[in-house]
Every structure is written in structure tokens, then in C-alpha cells.
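A quick write-up on the structure given underneath.
In this note's numbering, the protein residues as written are 363 to 916.
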């Protein structure tokens, strides 16, 4: 079997030369723990999320109780990797956590695939074999609400994002043996900020389609990234389908009036595919209506992995085995190459590039690097990608290379760096790689001493060349403009000068003090819900230094 993962221990060792290992943490466990992703929280801390299994129920210090089978497992760490809290959520059967996000107001949203009926933490029954289970958490990991969505078939969760109206979009797959469109279709559900289901859109082609990423857009909508093996398909008759007795409705229980009136639409893929698999990109508006869809690919297998917003549109990264064919313009160099597309706001190509590190290239992260221009506006500076390369054939001790690639806004390569793998003793797998706001890099994965004992592991790396890409500001406010709240972030160097305490003061434009507080934290949450619309001044001061910036209240 080919090994399709990268060792974290080799990174901790091999980066120690040019890059600094700032810290690494092992999360001990005597159970089999699976990590799904790592999220940076709004207060610049870390949330690890995945699924755990334990044959014995375990009472945690937080009061949370593990159930039988796999449970949702979330763990919050501080900036030094120390555990702040962890929580388990589950029913009597298996519940697999697939995606988590930090919400704008400081809490979290979890989404996964659940086989449980009402039991344990689960408050609603399933409709089919597996359904989608969304759990909304507070800043401290307490449940605020939960929602179960699904059909009578098997439904799988893939991704969740928060929209600009503070509601949520959830995306995943429907495996329906009656074939709405193909063997596996896409669902996108819009929920209100309280979890109420507003609308579901079903999308698909003639074969298999899988969600790989989803991002919110500034207009309140989303862009969904899909790996598609399908050709085009006609839209279904939405009025007939919605009212049919086939119950192809993505909802909780049909007896609930707010759900039976929910609008559902069924949109087919508008373009044929080019090869074994393609990039399928769909833009939906704030009401989950499709605005446009695009297909990109060659005659080989092209797998999209990540998408991010840019100032002019979107950047997409993935992996390709296609030569120049279809609408792919460059040949691959070896095995599987990295394929990057830059698109405008309508999904039209601005440019595309191939990059090769040899053998099988796997992209793990995609970050847009920003800078402030001469007019004091933020603009794109370049794009940083992270991933690894593996040998295609039998694994050797040096078959793995972790790499970072920095390209400018036109796709021109500025620099690349990578490290060779070394032999490792444990079975290890890299799951997530994240660039942090201070220019450090977090790598998270799993490590197993023996079968059935798989622990979470996280490594924080520092790299001078990466840190130099990040524009540092002593005082930052986000979101800005703000509605109900904002966060005040202080640069560590500013905060450490003089007194450890920092006084934060909010003034209106007449100079009147509106709020004032003292903090020792790097990031502080400010309540702005009671402020009238307008412009305010925020001042941060220590014993010997002060900084000011403007806040816009919507």
C-alpha cells in the first residue's frame, strides 16, 4: 500500500536547522483518535477537532461525558499549545466530526456525520442511515444549539462556514440509491444564526461529486469547491420534486411547519467534464441560489483542495495528473503536480500555473498574503502554499518532503523550500497545516505507538522568510466595520514594552470616553452592540507608549 501521509516527527527534526521549532505537543490518549482539522480562533488560539472512540465512558473535568462509539471531540489550546479545555459530543452510535470553524463572535460551529438517534448529547432522531449534525458552541465550548439535517438516504457532512449575516452554510454529500442526479450529489443548506433551516440547494452531475472546500464571500454568499467525475445534467423539475412522495427533502421532520415550508431547489451541472476528475466551482448568493458554475480540468485526474478570496476574485489550488488538454494549459512535469487557478469574481480564468516538486505533490494549505498600499488600503501581496511530496512507489526512509511555495499575484514563483524526510518509529499522519497571523506555521496530525492508540500531535514552526511576508501592526481591529463586537489585537512587542497591562479606551468623535478596560491579553473582545453607527477612536496605551486607530460601527 502506498503511504499517503507525512510524518510530523521528521518536520520537528528537519526544520530545526533553518526553521525554529517553537514548541510541539502530544495529546495523550489510550483510545483511537482521528483528527479532522485545525482552526485558528478569533482570539488567536487553536482548536483541534476530530473524533474519538472509547470502550468506557469517560467523565472529563469539564463535566462532558463520552458516549459509546465515535464522538465529536474538540480541544482548545492556547498560543503555547497548552490545553484550555476539551469537549465530547455524541449519541449512542457513531458520530464523526468533519469540519469546525471559529465564529465571528468568538464561539464555534461543528458539523459532522451522525448515525445516532436521540441519545446522549443528540437531541433529534436521524431520518436515514446517516445524517448531518451541526453543533453550535460558545467561546468556552458550551452547546448553544444543535440541528440534525438529512434525507432518508445516507448523508455526509463536509464543510461549514459563517456568512456575513451571522448565519451558516453547511455543505456535504447525499448518497441516494434513487439517484437524484448521480451516485453522489452535493447539498448546500443555509441556516439562520439560531440554526433554523432556511433553504437547501441540491447540485449534481451524472456521476460522483464531492465537496472539498467552501468559503464565505463578502456579499453574504459562498463559493463551493467540488471534485467532480460528472458530466452535465439537466435541472430537475423543482416544483414536482419538492412535492413528490419520494421525500428527497433535506430537512429534519416533515411535521415541523418551519421546515416543510423550506424552499429546496435542484440544479444540475451545467458543463461536461474533461477527464477522470475535474475542478467544479459554484458560486451561490446569500439565499443559496446558484449565480454561476465553472468546470476546469484536463483529460487526467484533477482534484481541487483549497479555495481563498482575493481582491479580484478567487485562487484555487489542487493536484493534477493531466497534460495540456481540456482547459488546462500546461503539461505536468512528473507524477502529480500542483495546479493553481486564479479566477475573477465571475469564475473566469485570469491565469493558471503548474508547479512540481517531483513525484506525488499534495497541497495542504493556501493563504493569501496581504499588504497595505500607499493609499493605506489593503491589497494582495502574494500567495503561500504548503504541502508535501511523496514517492509513487515503495516507501523509503527519505521518501517525504514537506514544502512551502510563495508566488506573486501573477503566479510567478518567488521562492520554494522543502526538507527531506527521515525514518520515523511511529505511524504518523499530517492532517492540517495553518499559517498564523505572526508568520509562524502550525502542523497538526496523528501519531500511533501501536494499533488502536492514535494520538493528536501539533508542532509550531518559526521561519524568518515566512515571517517577513507578514505585515506587522502594533494595533489591529477586526472585524472593521463592526456590528455587535470587535477584537483589539496588540503586537507582542508593543504589549511587552513598559507595563504588562494595557489600557484600551473607546472614544467617540467628540473625544468622549465610551468604554474603558484594562487587559493583559494579546487579543481582547469589545462589545459594540450598544454603539450608534459612526466612527470611533480606539486607543491602546501602556505606561510609556500609546497607539490609536479608527473603528467603524455599522
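In this text, a Cβ means the ideal position worked out from N, Cα and C, and glycines have one as well.
Query, Result
"Which class does residue 404 belong to by DSSP, given the choice of helix, strand or coil?", "coil"
"In this structure, does DSSP put residue 826 in helix, strand or coil?", "helix"
"For residue 871, collect the residues of the same chain with a Cβ closer than 8 Å to its Cβ; drop the 5 residues on either side in sequence, then sort them by chain order.", "896, 897, 898 and 899"
"Near residue 442, which residues of its chain fall below 7 Å by C-beta distance, leaving aside the five closest residues on each side in sequence?", "385"
"If you drop the 5 nearest sequence neighbours on each side, which residues of the same chain put their C-beta closer than 8 Å to that of residue 315?", "An answer regarding residue 315 cannot be provided, because it is not within the stretch 363 to 916 covered by the chain."
"Distance check for residue 580 and residue 677, CA to CA, integer angstroms please.", "15 Å"
"What does the alpha-carbon distance come out to for the pair residue 447 and residue 497?", "17 Å"
"Contact check, residue 482 vs residue 452 under 8 Å by CB: the rounded distance?", "5 Å"
"In chain order, which continuous runs of the beta strand (DSSP E) of length 3 or greater are located wholly inside the segment 511–558?", "516–524, 530–537 and 547–553"
"Taking its Cβ as the centre, do 16 or more other Cβ atoms sit within 10 Å of residue 929, making it buried, or is it exposed?", "No answer is possible for residue 929: it lies beyond the span of the chain, which begins at 363 and ends at 916."
"From the DSSP output, in three-state form, read off residue 854 for me.", "helix"
"Residue 480 by DSSP, collapsed to three states: which one?", "coil"
"On the CB-based measure, 16 or more other CB atoms within 10 Å of its CB, does residue 777 come out buried or exposed?", "exposed"
"Tell me residue 744's beta-bridge partners as DSSP assigns them.", "731"
"Residues in its own chain within less than 8 Å of residue 916 by CB, not counting five upstream and five downstream?", "843, 844, 845 and 895"
"Buried or exposed, going by whether 16 or more other CB atoms sit within 10 Å of the CB of residue 875?", "exposed"
"Compare the Cα-Cα distances from residue 826 to each of 698, 803, 512 and 456 and report the closest residue.", "803"
"Alpha carbon to alpha carbon, how far is residue 577 from residue 821?", "26 Å"
"Is DSSP giving residue 626 helix, strand or coil here?", "strand"
"Along the chain, where does the beta strand (DSSP E) that runs through residue 581 open and close?", "Residue 581 -> no beta strand (DSSP E), and no H or E assigned at all."
"Would you mind sorting residue 684 into buried or exposed? The rule is 16 or more other CB atoms within 10 Å of its CB.", "buried"
"So which of 739, 408 and 730 has the shortest CA-CA distance to residue 768?", "730"
"Who are residue 474's beta bridge partners in DSSP?", "459 and 495"
"Helix, strand or coil for residue 708? Go by DSSP, reduced to three states.", "coil"
"Identify the residues that DSSP records as bridge partners of residue 912: which are they?", "899"
"Specify whether the segment 684–693 and the segment 588–599 touch according to this definition: at least 3 beta carbon pairs, one from each stretch, less than 8 Å apart.", "no"
"Could you tell me if residue 433 is buried or exposed, where buried requires 16 or more neighbouring beta carbons within 10 angstroms of its beta carbon?", "buried"
"In the structure shown, what three-state DSSP assignment does residue 489 receive?", "coil"
"With a 10 Å radius around its C-beta and 16 neighbouring C-beta atoms as the bar for buried, classify residue 905 as buried or exposed.", "exposed"
"Identify every residue that forms a DSSP beta bridge with residue 388.", "819"
"Alpha carbon to alpha carbon, how far is residue 652 from residue 642? Give it in angstroms, no decimals.", "13 Å"
"Within 10 angstroms of the Cβ of residue 502, are there 16 or more other Cβ atoms? Answer buried if so, exposed if not.", "exposed"
"Suppose you measure from the CA of residue 679 to the CA of residue 711; what does that come to, to the nearest Å?", "13 Å"
"Out of curiosity, what's the CA-to-CA distance linking residue 877 and residue 849?", "14 Å"
"Tell me whether residue 842 sits in a helix, a strand or coil according to DSSP, three-state version.", "coil"
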